[in-house]
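Here's the structure, in structure tokens; my notes come after.
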Amino acid sequence: MLLHSPPVASGWLEYLSAIRRKTSMEDAIRELVIMQIAALNDSSYEAAQHRKLALDAGLSEAQLSVLPEWQGSDRFDRREQAVLAYADAMTRQVQVPDAVFANVAALFDTRALVELTATIAAYNMVSRFLEALEIRFP
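Just so we're aligned: 27 in our numbering is position 31 of the sequence shown, and the numbers increase by one with no gaps anywhere.
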């Protein structure tokens, strides 16, 4: 679909390649937020494309099975819980409550926080694009 607009496709590829390959973010954290965003936005294509990547990054089937209703689960450590709460806030509310931001900011340095935020924003863009154009996994 993106190839119908070469300038958009080029920018999309460059931005998402930077998110996926040039950040210092751990693969497991990146894939955790992507899978959470896919679940929250009901993006079956995004979830299908990232499921194996998430498992290969070290996430478990048990963890993936409780997304997006992860609260109260003992399957996530403190850091993962902070990341999930941040992804939830950015996806559902847009504005992040101060307590959620303070929690995640205490666990990541400035660069990692910027990269985490950019990843969450980017994959919200991806899922919204896929859903608006009704792109489904075959």
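Note that CB positions come from ideal geometry on N, CA and C, so glycine has one too. No experiment lies behind these values; they were computed from the predicted model shown.
Exercise. Tell me, please, whether the region 27 to 34 touches the region 100 to 120 by the rule of three or more beta-carbon pairs shorter than 8 Å.
Key: Touching, yes, given that three or more Cβ pairs across the two stretches are closer than 8 Å.
Quiz item: Just the Cα atoms here: how many angstroms apart are PHE72 and GLN59?
Solution: For the purposes of this step, residue 72 is taken as the residue at position 76 of the sequence shown. For the purposes of this step, residue 59 is taken as the residue at position 63 of the sequence shown. Taking the straight line joining both Cα atoms gives about 7 Å.
Practice problem: Output yes or no for whether 8 Å exceeds the beta carbon distance between ARG132 and ASN37. | Solution: Taking the first residue of the sequence shown as position 1, residue 132 is located at position 136. Taking the first residue of the sequence shown as position 1, residue 37 is located at position 41. No; because the gap between Cβ atoms is not below 8 Å, this pair is not in contact.
Self-check item: Supposed close pair VAL79, ILE25 - CB separation, criterion 8 Å
Solution: Reading the sequence shown from its first residue, position 83 is the one you call residue 79. Reading the sequence shown from its first residue, position 29 is the one you call residue 25. Indeed they touch by this definition, with Cβ atoms about 6 Å apart.
Quiz item: Quick one: is the Cβ of VAL90 within less than 7 Å of any heavy atom of the ligand SAH?
Solution: Of the ligands one can find in the structure shown there are none, so the ligand SAH has no counterpart to examine.
Quiz item: Where does MET(-3) fall in DSSP's three states?
Solution: In the sequence shown, the residue the question calls residue -3 occupies position 1. Three-state DSSP puts MET(-3) in coil, outside helix and strand.
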